[in-house]
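A.B. asks:
Residue numbers (full-length UniProt numbering): 1 to 102.
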């Protein structure tokens, strides 16, 4: 069956459905030079697991898979996380504001 893979370019692949997502990443790596560990393969916006086969993921003929780059980050500095949205140590606190009379 034919499968479309949209990375930096759009590629058409001939697959059986037994290929793993990791194999698709390796193929994209050979075509575009993007390391497999830097790729996220998406089907309808949901990321696919490397060990899963295309058939297990529900990929059918003429499906388009999106390949996106991994985002850096993911960790927030501790003091910012504790102060987020007015919560500190799991408890809501009120911020004190200076008021000015005109």
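The C-beta atom is built at its ideal place from N, Cα and C for all residues, glycine as well.
From a predicted model like this one, the values you see are computed outputs, not experimental measurements.
State the DSSP-derived secondary structure class of residue 39, mapped to helix, strand or coil.
C.D. replies: Residue 39: strand per DSSP, three-state reduction.
A.B. asks: How should residue 7 be labelled, buried or exposed, when 16 other C-beta atoms within 10 angstroms of its C-beta is the threshold for buried?
C.D. replies: So residue 7 ends up on the buried side.
A.B. asks: So, helix, strand or coil for residue 31, using DSSP?
C.D. replies: Looking at residue 31 - three-state DSSP - the assignment turns out to be helix.
A.B. asks: Tell me where the beta strand (DSSP E) around residue 14 begins and ends.
C.D. replies: It spans 10–14 - the beta strand (DSSP E) in which residue 14 sits, taken as one unbroken run.
A.B. asks: To the nearest angstrom, report how far apart residue 38 and residue 66 are at their CA atoms.
C.D. replies: If I take the Cα positions, the gap works out to 13 Å.
A.B. asks: Count the other CB atoms within 10 Å of the CB of residue 48; is the residue buried (16 or more) or exposed (fewer)?
C.D. replies: Buried, because 16 or more other Cβ atoms sit within 10 Å of the Cβ of residue 48.
A.B. asks: So, are the CB atoms of residue 22 and residue 50 less than 7 Å apart?
C.D. replies: Yes; because the gap between Cβ atoms is below 7 Å, this pair is in contact.
A.B. asks: Between which two residues does the beta strand (DSSP E) holding residue 2 run?
C.D. replies: Looking at the DSSP string, the run of the beta strand (DSSP E) that includes residue 2 is 2–6.
A.B. asks: Residue 21 by DSSP, collapsed to three states: which one?
C.D. replies: It is helical.
A.B. asks: Work out the CA separation of residue 25 and residue 64 for me, nearest whole Å.
C.D. replies: About 14 Å.
A.B. asks: With 16 other CB atoms within 10 Å as the buried threshold, where does residue 10 fall?
C.D. replies: Exposed is the call here.
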